[in-house]
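**Student:** FYI, our numbering numbers position 270 of the sequence shown as 271, with every residue one higher than the one before it. Ideal Cβ placement from N, Cα and C applies to all residues, glycine included. Below: one structure in structure tokens.
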Amino acid sequence: MLVSMKAILDDANKNNYGVMAMNSINIEMVRGGIMAAEEEHSPIIIQFGPGQMKNHAHMEEMLPLVKELAARVHVPVALNLDHGSDFHVLTDCINAGFTNVMFDGSSLPYEENVRRSAMISALAHGMGCSVEGELGHVGQAAASDDTDVDLYTNPDQAADFVNRTGVDALAVAIGTAHGAYPKGKIPKLDFERLRLLKETLKMPLVLHGGSGSGEENLKQAVAGGINKINVATDAFEAAKKGMLDALKEDPGMDYLHLCMAAEESVKQFVKAYMKVIGSSGRYIYGEAVSTSRE
Ligand code: 13P
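Now the structure itself:
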């Protein structure tokens, strides 16, 4: 069932677990993710970034696919615009029926981030769509932004930000970064900052740059109050690995079976991830989650 991302994250916040938000670009990833959720009795968030939608996963084609698959399963599925910044893309997604949009104003001056986040919140909420904001800035692993403490989220400023914008979830910078880390590196997360953020905000918190963070970090982040974990790079790698492994076994494999191998690989990857972040088994008895977008 397609539900508000707020409904999924409020339950995760109340019951102290994490939910995977997987960037997806095709039917193999969307179906692999949603079927993994069904088998794990877990909620899942499917998300598309503006670049992903522009280049390949066009909104007009992906939206009916997500709606159809979500309607087929018995666990909550949310559809999120990841890293929205363009006003037209944001409003198009809200109008089209995304159940959450992220407005990423994290590179803007603070007051401008507040102003635009508040405007998007008011618009989205009026349409029954929830909103994720970002304060501090989760940068790029390739640029070592994960170690730049100047980019980390300040808990007092975060309280002001949430009060003035009305966002439903907040992405925080505590030591992760987007993309693959240099080989062998596991990021060092600032768990004390996370503790302060959770104590201050008491709301669903989001960890961007979930890929390559390491199982122990993920478990500790969830225990410290992270409720949504964004995963792109590792999910794409899982799809690619499925195809490569299948080709290794049978270099003549046809495209149909390669796509099936990619989907199965994504599904197994997502199922394992859900067990680590504690979302498995949360919806065995159809725990009450709003089926509307509010
Ligand atoms: P990774 O590619 O590092 O998993 O980051 C994904 C992300 O945070 C999307 O918003």
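1) Verify the contact flag: Gly59, CB atom, against every heavy atom of the ligand 13P, threshold strictly below 7 angstroms.
2) Below 8 angstroms, can you find three or more Cβ-Cβ pairs linking the segment 196-203 to the segment 230-239?
3) With distances taken between CB atoms, is the gap from Pro44 to Val67 smaller than 8 angstroms?
4) Does the Cβ of Ser280 have 16 or more other Cβ atoms within 10 Å, making it buried, or fewer, making it exposed?
5) Need the endpoints of the beta strand (DSSP E) that Met2 sits in, please.
6) Out of Lys229, Ser131, Tyr182, Arg116, point me to the one whose CA is closest to Ala172's CA.
7) Compute every distance between the C-beta of Asp83 and the non-hydrogen atoms of the ligand 13P, then say whether any falls below 7 angstroms.
8) Tell me whether the beta-carbon of Glu112 lies closer than 8 angstroms to the beta-carbon of Gly106.
9) Measuring from the CB of Thr234, is there a heavy atom of the ligand 13P at a distance below 7 angstroms?
10) Based on Cα-Cα distance, which residue from Ile187, Gly180, Glu41, Ala160 lies nearest to Val74?
11) Our contact map puts Leu80 next to Phe99 with C-beta atoms below 8 angstroms; I'd like the distance itself, whole angstroms only.
12) Quick check for students: name the residue ranges of the alpha helix (DSSP H) that lie wholly in the segment 123-179, counting only runs of 4 or more.
13) In whole angstroms, what is the alpha-carbon distance linking Gly140 and Asp146?
14) Would you report the Cα separation of Val271 and Thr92, rounded to the nearest angstrom?
15) Here's the rule I'm using: 16 or more other beta-carbon atoms within 10 Å means buried, otherwise exposed. How should His57 be labelled?
16) Could you check which residue in Ala224, His84, Cys260 has the C-alpha nearest to that of Gly52?
17) The ligand 13P heavy atoms versus the CB of Gly167: any closer than 7 angstroms?
18) On the DSSP letters alone, give me the boundaries of the alpha helix (DSSP H) that Asn14 sits inside.
19) Assuming Tyr153 and Arg117 form a contact by the criterion Cβ under 8 angstroms, report the distance between their Cβ atoms to the nearest whole angstrom.
20) Of all the CB atoms in chain B, is at least one closer than 8 angstroms to the CB of Arg194?
21) Among Lys186, Gly137, Ala174, Leu219, which one has its Cα closest to the Cα of Ala143?
22) Around the C-beta of Asn16, are 16 or more other C-beta atoms found within 10 angstroms, so that it is buried, or is it exposed?
23) Have a look at Asn155, Ala72, Val207, Tyr256 and flag the residue whose alpha-carbon is nearest the alpha-carbon of Met36.
24) If contacts are defined as beta-carbon pairs under 8 angstroms, then Gly213 and Tyr182 qualify, I think. What distance do you get, rounded to the angstrom?
**Tutor:** Answer, in terms of the structure:
1) Reading off the sequence, residue 59 comes out as His, not Gly. No; taking the cut-off as 7 angstroms, the Cβ of His59 has no heavy atom of the ligand 13P nearer than that.
2) As far as the Cβ criterion goes, the segment 196-203 does not touch the segment 230-239, which means the pair count is below three.
3) Cβ atoms of Pro44 and Val67: not closer than 8 angstroms.
4) Buried is the call here.
5) Per DSSP, Met2 is not a residue of any beta strand (DSSP E), being assigned neither H nor E.
6) Nearest of Lys229, Ser131, Tyr182, Arg116 to Ala172, Cα basis: Lys229.
7) Here the distance from the Cβ of Asp83 to the nearest heavy atom of the ligand 13P is below 7 angstroms.
8) With a cutoff of 8 angstroms on beta-carbon distance, Glu112 and Gly106 are scored as not near each other.
9) A distance criterion of 7 angstroms places the beta-carbon of Thr234 in contact range of the ligand 13P, judged by its closest non-hydrogen atom.
10) Among Ile187, Gly180, Glu41, Ala160, the Cα nearest to that of Val74 belongs to Glu41.
11) Yes, Leu80 and Phe99 are in contact; Cβ-Cβ is about 5 angstroms, under 8 angstroms.
12) Entirely contained in the segment 123-179, the alpha helix (DSSP H) runs reaching 4 residues are, in chain order, 156-166.
13) CA-CA distance, Gly140 to Asp146, rounds to 5 angstroms.
14) In this structure, the alpha-carbon of Val271 lies about 30 angstroms from that of Thr92.
15) Residue environment: His57 is assigned as exposed (fewer than 16 neighbouring CB atoms within 10 Å of its CB, all protein chains considered).
16) For Gly52, the closest alpha carbon among the candidates Ala224, His84, Cys260 is that of His84.
17) Within the chosen limit of 7 angstroms, the ligand 13P does not reach the beta carbon of Gly167 with any heavy atom.
18) Per DSSP, Asn14 belongs to the alpha helix (DSSP H) from 6-16.
19) With a Cβ gap of about 21 angstroms, Tyr153 and Arg117 do not count as contacting.
20) The chain labelled as chain B is not found in the depicted structure, where only one protein chain is given.
21) For the residues Lys186, Gly137, Ala174, Leu219, the minimum Cα distance to Ala143 belongs to Lys186.
22) Burial call: exposed.
23) Put simply, of Asn155, Ala72, Val207, Tyr256 the residue whose alpha carbon is nearest the alpha carbon of Met36 is Ala72.
24) Rounded, the Cβ-Cβ distance is 5 angstroms, consistent with contact.
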